[in-house]
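Take a look at the structure set out below.
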Amino acid sequence: MQQLPDATGHFGQFGGRYVPETLMPALMELEEAYTTLKDNSDFQKEFRYYLSEYVGRPNPLYYAERLTESLGGAKIYLKREDLNHTGAHKINSAIGQILLARWMGKKRIIAETGAGQHGVATATVAAKFDMECEVYMGEEDIERQALNVFRMQLMGTKVVPVDSGSRTLKDAINACFRDWVTNVRSTYLLLGSVVGAHPYPMIVRDFQAVIGEETRTQILEQEGNLPDCIVACVGGGSNSLGMFYPFYHDESVRLIGVEAAGDSIRSGRHAAPLTAGSVGVFHGAKCYLLQEEDGQITPAHSISAGLDYPGVGPEHSYYRETGRAEYVPITDKEAVEGFQLLSQTEGIIPALESAHAIAYLRELAPKLSNDKTIVVCLSGRGDKDVYTIAKELDITL
Amino acid sequence: MNRIDKKFNELRQQGVCAFMPYVCAGDPTPELTPELFLTFEEAGADLIELGVPFSDPIADGPTIQRASQRALEHRISLIQILDIVKNLRKHSDIPIALMSYYNPIFRMGEEAFCKAAQEVGVDGLIVPDLPPEEAQPLLKAASQYNLATIFLVAPTSSPERMKLVASVSTGFIYCVSVTGVTGARNTLSDEVATMVEELRKHTDKPLCVGFGVSTPEQANQVAQVADGAIVASAIINVAEKHLDDKDKMLASVKQFASELANGTKTDKV
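Top line first, the protein sequences correspond to chains Z and X.
According to our numbering, the first sequence holds residues 1 to 397 in order.
According to our numbering, the second sequence holds residues 1001 to 1269 in order.
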């Protein structure tokens, strides 16, 4: 069976390691440590222990009956990553990676964050495992996500504002790489998504694959069949890939990634590289990305800070190129409607990121007959987004 | 023979170290780039590193980030930069190493880029985010068009990686003096001498030290162990003080570059 990534860290033409030489030895060291630990039963046992006792897994695969009825058509299930400790899927990979860092003898953790969910997850595990932690965050995102900034600070993490470039996630990642280049011997870079140079896309995917693995068991218990469609939002792509990957070889299962179309694809102000980008090299990997004719990176735009990123993971790029997954765009406006729809039909306030996936159901579910099933990854809860939504709806809190 | 090889042969015969200043194309304006370039040459530069500004320069510290941002405000493109080189070649025969992150090159296409670069008179390529493992397409195109491929060695590189980098590098090898990003520093890292010494065991290609070389004294220290000293951020720091006064900028850059050049040419101070 085909191995993804291959031995050199590529997914077809995508992925690889496009980084300064200073980081090459560190990436090789990380790959070696991870390869050893991946099959180490003590490590796996420890990882599973914290997922169960600390994160609260397995979380439910919940049949969203009223949402299903309101849309008419396929049966909709929600994979409740929003019920994890810290309120999003990001904690899965943060636990895995901090155990890895500890095993490698690293004492200091750095991370990037967009919406703040990964920053909070990292701050959480850093507190839990007693490590020094700094999180880089774009100034624009700090304004948008003040609540998450304070949560990180409460747990003893230093939030470092990034004022360069577009002052969002991509610039926070740049700042993280620069810190890592400088402090590579003592520091573990705890990346939040399936992006960056090999082995990060593989490591983050493997730790997030618990989402899809649980879903498979749960849907077989509840429905007796695999789902017909799986829908998840894609920024860098970690919740979606964690969901998709365990179903990669099940060809009957349609995998649908939902990208942020911002104002609209046509406006050019969006964050949808798989829908409207082109192949390039960014943040250490070959992938689809938003770029100018001459190879400069175009800043992304999305109402959701967690999807506001001009690149996307190399494995998603590969799934798109080979047609294994489909990728569709959802605008800011549609996402806000999706946010309201789930809040009102199920009493579940989704993260704005996940609301993109919910919004796409309005198009997808009615087209499918009621004997079909759709699983949606509800990657996070929406408490952090209520101010943004209020502003969007012209409501003063 | 490529201009870079010729220059290092010459300098080795004279027993002196090369001085290689850096200019970010388009900073502070595209019009000033050729003037700064020729100022360097008058000040005693042996080679010039011409930087292609990039929106997301992950190997660069704040100084070069600022320079890149200023340059990109003029929307300068790789094609325009090659055009600047073309015009410069009417006035200058100094070896030019083009420093660019990989994406602009990848976007243009390795073959098309190398062909164009060679035609206008570029001599070598430095791509800081392209390690040898991913470099096959560029290596192939560069060798076809007789462009030197200059790879980087870092203080973290193992002897095995030094061998790998040495085996694919032509022209010279770029020794990164610090575990970190570009930027001026108060002292030269102790790691430099160790790294250069280790690298000499694996290659007789010229070794140039950059990242953090900031003063004539430090350039002199580099000259004791290596074949070239590359200075970027410290020069930009000097130029930045006179962004609104072109004559003052050129004069102060010339003064500082001359001091750096002298540093590489004199015996241990």
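Cβ atoms here follow ideal geometry from the backbone N, Cα and C, with glycine treated the same way.
Applying the 10 Å Cβ sphere with the 16-neighbour rule, what's the burial state of residue i?
i, result
"alanine 395 (chain Z)", "In the sequence as displayed, the identity of residue 395 (chain Z) is isoleucine instead of alanine. That one is exposed."
"glutamate 140 (chain Z)", "buried"
"methionine 1020 (chain X)", "buried"
"glutamate 36 (chain Z)", "First, the residue type needs correcting, since residue 36 (chain Z) is threonine and not glutamate in the sequence shown. So threonine 36 (chain Z) counts as exposed."
"leucine 417 (chain Z)", "Examination of residue 417 (chain Z) is not possible in this model, given that chain Z is present from 1 through 397 alone."
"lysine 1007 (chain X)", "buried"
"threonine 86 (chain Z)", "buried"
"proline 1062 (chain X)", "exposed"
"aspartate 171 (chain Z)", "buried"
"serine 1214 (chain X)", "buried"
"lysine 384 (chain Z)", "buried"
"methionine 1001 (chain X)", "exposed"
"aspartate 1190 (chain X)", "exposed"
"aspartate 1247 (chain X)", "exposed"
"arginine 459 (chain Z)", "Outside the modelled stretch of chain Z, which goes from 1 to 397, sits residue 459 (chain Z), for which no answer is possible."
"serine 52 (chain Z)", "exposed"
"glutamate 1041 (chain X)", "buried"
"phenylalanine 150 (chain Z)", "exposed"
"threonine 331 (chain Z)", "buried"
Does any residue of chain Z have a CB that is nearer than 8 Å to the CB of residue i?
i, result
"serine 1157 (chain X)", "yes"
"serine 1167 (chain X)", "no"
"serine 1077 (chain X)", "yes"
"tyrosine 1102 (chain X)", "yes"
"valine 1176 (chain X)", "yes"
"glutamate 1197 (chain X)", "no"
"arginine 1012 (chain X)", "no"
"glutamate 1041 (chain X)", "no"
"glutamate 1133 (chain X)", "yes"
Given a cut-off of 8 Å on the beta-carbon distance, is the pair residue i and residue j in contact?
i, j, result
"alanine 126 (chain Z)", "isoleucine 142 (chain Z)", "no"
"valine 353 (chain Z)", "isoleucine 211 (chain Z)", "Per the sequence shown, the amino acid found at residue 353 (chain Z) is glutamate instead of valine. Against a cut-off of 8 Å, the Cβ pair of isoleucine 211 (chain Z) and glutamate 353 (chain Z) comes out as no contact."
"glycine 277 (chain Z)", "phenylalanine 1106 (chain X)", "no"
"aspartate 941 (chain X)", "proline 1095 (chain X)", "Given that chain X is displayed from residue 1001 to residue 1269, the structure contains no residue 941 (chain X) and the question cannot be resolved."
"histidine 356 (chain Z)", "alanine 335 (chain Z)", "yes"
"leucine 1250 (chain X)", "threonine 1039 (chain X)", "yes"
"phenylalanine 1172 (chain X)", "cysteine 1114 (chain X)", "no"
"isoleucine 1079 (chain X)", "leucine 1047 (chain X)", "no"
"glycine 235 (chain Z)", "leucine 307 (chain Z)", "yes"
"glycine 114 (chain Z)", "proline 314 (chain Z)", "no"
"threonine 124 (chain Z)", "valine 135 (chain Z)", "no"
"isoleucine 358 (chain Z)", "leucine 368 (chain Z)", "no"
"valine 1238 (chain X)", "serine 1252 (chain X)", "yes"
"isoleucine 1126 (chain X)", "glutamate 1217 (chain X)", "no"
"alanine 285 (chain Z)", "glycine 192 (chain Z)", "no"
"isoleucine 173 (chain Z)", "histidine 89 (chain Z)", "no"
Within 8 Å (strictly less), CB to CB, does residue i reach chain X?
i, result
"serine 398 (chain Z)", "This structure cannot settle anything about residue 398 (chain Z), because the visible part of chain Z is limited to 1 through 397."
"serine 164 (chain Z)", "yes"
"valine 160 (chain Z)", "no"
"glutamine 291 (chain Z)", "yes"
"tyrosine 188 (chain Z)", "no"
"aspartate 308 (chain Z)", "no"
"phenylalanine 47 (chain Z)", "no"
"arginine 178 (chain Z)", "yes"
Under 7 Å Cβ-Cβ, which residues of chain X neighbour residue i?
i, result
"asparagine 174 (chain Z)", "Asp1056 and Ile1058"
Consider the Cβ of residue i: report whether some Cβ of chain C lies at a distance smaller than 8 Å.
i, result
"asparagine 1220 (chain X)", "Considering every chain present, this structure includes no chain C. Its protein chains are Z and X."
Along chain Z, which residues have their Cβ under 9 Å away from the Cβ of residue i?
i, result
"threonine 1179 (chain X)", "Thr22, Val181, Thr182, Asn183, Val184 and Arg185"
"glutamate 1049 (chain X)", "Neighbours of glutamate 1049 (chain X) on chain Z: none; closest Cβ ~16 Å, over 9 Å."
List, in order along the chain, the chain Z residues whose C-beta lies closer than 8 Å to that of residue i?
i, result
"leucine 1139 (chain X)", "The contacting residues do not exist; leucine 1139 (chain X) stays about 15 Å from chain Z at best."
"leucine 1130 (chain X)", "Tyr18"
"glutamine 1065 (chain X)", "Ser164"
"leucine 1072 (chain X)", "Gln296"
Within 7 Å: the Cβ of residue i and any heavy atom of the ligand MN?
i, result
"isoleucine 1230 (chain X)", "The model depicted lacks the ligand MN and carries no ligand whatsoever."
How would you list, in chain order, the residues of chain Z whose beta-carbon sits under 7 Å from the beta-carbon of residue i?
i, result
"valine 1153 (chain X)", "Glu21"
"arginine 1107 (chain X)", "Gly280, Gln291, Asp294 and Gly295"
"glutamate 1161 (chain X)", "It is worth fixing the name first, because residue 1161 (chain X) is arginine in this sequence and not glutamate. Residues of chain Z passing the Cβ test: Met24 and Pro25."
Which residues of chain X have a Cβ atom closer than 8 Å to the Cβ of residue i, listed in chain order?
i, result
"alanine 26 (chain Z)", "Thr1156"
"lysine 170 (chain Z)", "Asp1056"
### Task
Would you mind listing the alpha helix (DSSP H) stretches within the region 101-167 of chain Z that are 4+ residues and don't spill past its ends, in chain order?
117-128, 139-144 and 146-154
### Message
Extract the residue ranges of the alpha helix (DSSP H) inside the region 220-287 of chain Z, only unbroken runs of 4 or more that lie entirely within it.
### Response
238-244 and 273-276
### Query
Residue ranges of each alpha helix (DSSP H) run of no fewer than 4 residues wholly in the region 1111-1185 of chain X, ordered along the chain?
1136-1144 and 1159-1168
### Minimum length 3: unbroken beta strand (DSSP E) runs contained in the region 1187-1211 of chain X
1207-1210
### Query
What residue ranges within the region 1066-1111 of chain X form continuous alpha helix (DSSP H) runs of no fewer than 4 residues, ordered along the chain?
1078-1088 and 1102-1108
### Query
Which whole runs of the beta strand (DSSP E) in the region 322-368 of chain Z are 3 residues long or more, in chain order?
325-331
### Query
Where are the alpha helix (DSSP H) runs, 4 residues long or more, that stay fully inside the region 179-220 of chain Z, in chain order?
200-208
### beta strand (DSSP E) segments (min. 3 residues) lying fully within the region 30-116 of chain Z
61-63, 75-80 and 108-113
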